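Engineer: This note's numbering puts the sequence shown at residues 110 to 294. For glycine and all other residues, C-beta sits at the position ideal for the given N, C-alpha and C. Note that the coordinates shown come from a computational prediction; the quantities given were computed from them, not determined experimentally.
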Amino acid sequence: MRGTKGILAIAIVAALAVTITAAGATAGASNSAVAAKKKCKKKNHASSAKKKRCKKRKNVPPVSVVRATLVWTGAGSDDADLDLFVFDAQGRKAGNGTDAIPASDLSPDVQGPSGTETFTDLNANQHRPFSFAVCYTVGGSVHAPFTITYVTSDGATHTDSQDPGSSFHYDYPADGVPIPSYCAS
Numbered sequence: 110m111r112g113t114k115g116i117l118a119i120a121i122v123a124a125l126a127v128t129i130t131a132a133g134a135t136a137g138a139s140n141s142a143v144a145a146k147k148k149c150k151k152k153n154h155a156s157s158a159k160k161k162r163c164k165k166r167k168n169v170p171p172v173s174v175v176r177a178t179l180v181w182t183g184a185g186s187d188d189a190d191l192d193l194f195v196f197d198a199q200g201r202k203a204g205n206g207t208d209a210i211p212a213s214d215l216s217p218d219v220q221g222p223s224g225t226e227t228f229t230d231l232n233a234n235q236h237r238p239f240s241f242a243v244c245y246t247v248g249g250s251v252h253a254p255f256t257i258t259y260v261t262s263d264g265a266t267h268t269d270s271q272d273p274g275s276s277f278h279y280d281y282p283a284d285g286v287p288i289p290s291y292c293a294s
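Now the structure itself:
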């Protein structure tokens, strides 16, 4: 019995030693990563190999951000077609299944009593200004409750919900970008 306790004690001590060593290696690795970043920030590099390593670190891929989402549920028609529109500062537009804004992605046009459409800025590092709009064209009086959530160029998130009873369009001049005529209602 005494021998078993001794072996168990040695196993516990060994496990602790491995854990402490692994934690120290991780801390050492993160400290060396911080040191490497500091070296890259210095203007004068000693070797061209360092310059290349630092240059590679700067080439970070662009960040994609969903800048607008339109969601509707309980529309009073099976062929309800709400459309999310987005406008950029150069007068280009995305909406109703077409996207003329570079480095962006507009989800496919959706129809039905419920649905979702999104607009994604594929290079959100640029903090591009956009304005947003929602359009619904229907004959007669059909309710189409919706919620739009959009992100302005400063990173602030805004949400608006509406429950219109017939054809409509709502404008959201989020970043002050002009909104041209877009909805045939």
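Quick check on this structure: which residue in Gln220, Arg237 and Gly200 has the alpha carbon closest to the alpha carbon of Ala212?
Structural biologist: Here the question's residue 212 lines up with position 103 in the sequence shown. Ranking Gln220, Arg237 and Gly200 by Cα distance to Ala212 puts Arg237 first.
Engineer: Are the region 173–185 and the region 214–231 touching, with three or more C-beta to C-beta distances below 8 Å?
Structural biologist: Segments in contact, yes.
Engineer: Less than 6 Å between C-beta atoms, sequence neighbours within five positions excluded: which residues of the same chain meet that for Asp230?
Structural biologist: Start at 1 with the first residue of the sequence shown, and residue 230 comes out as number 121. Result list for Asp230: Val174, Arg176 and Ser213, in chain order.
Engineer: Tell me the DSSP bridge mates of Cys292?
Structural biologist: On the sequence shown, residue 292 is found 183 positions in, with the first residue counted as 1. According to DSSP, which records beta bridges pairwise, Cys292 is partnered with nothing at all.
Engineer: Taking the alpha-carbon of His278 as reference, which of Val243, Asp187 and Asn232 has the nearest alpha-carbon?
Structural biologist: For the purposes of this step, residue 278 is identified with residue 169 of the sequence shown, where counting begins at 1. Among Val243, Asp187 and Asn232, the Cα nearest to that of His278 is on Val243.
Engineer: Spatial neighbours of Ala233 within its chain, please: CB distance less than 6 Å, with the 5 preceding and 5 following residues excluded, ordered by chain position.
Structural biologist: If you number the sequence shown from 1, residue 233 lands on position 124. The answer, listed in chain order, is Val172 and Val174.
Engineer: Under the three-state reduction of DSSP, which class applies to Gln220: helix, strand or coil?
Structural biologist: The residue you call residue 220 lines up with position 111 of the sequence shown. Here Gln220 sits in coil by DSSP.
Engineer: Taking its Cβ as the centre, do 16 or more other Cβ atoms sit within 10 Å of Ala132, making it buried, or is it exposed?
Structural biologist: Here residue 132 is taken as the residue at index 23 of the sequence shown, counted from 1. The predicted position of Ala132 is uncertain, since its pLDDT is 43 and thus under 50; no value can be drawn from it.
Engineer: If you reduce the DSSP assignment to three classes, tell me which class Gln199 lands in.
Structural biologist: Here residue 199 corresponds to residue number 90 of the sequence shown, with the count starting at 1. Correct three-state label for Gln199: coil.
Engineer: Run the CB neighbour count on Asp197, radius 10 Å, all protein chains shown included, and call it buried at 16 or more, exposed below.
Structural biologist: As a first step, residue 197 must be located in the sequence shown, where it is residue number 88. Classification for Asp197: buried.
Engineer: If you check the beta carbons only, do Ile288 and Asp269 fall under 8 Å apart?
Structural biologist: Your numbering for residue 288 matches position 179 in the sequence shown. Your numbering for residue 269 matches position 160 in the sequence shown. No.
Engineer: Identify whether Ala209 lies in helix, strand or coil by the three-state DSSP scheme.
Structural biologist: For the purposes of this step, residue 209 is taken as residue 100 along the sequence shown, with counting starting at 1. Here Ala209 sits in coil by DSSP.
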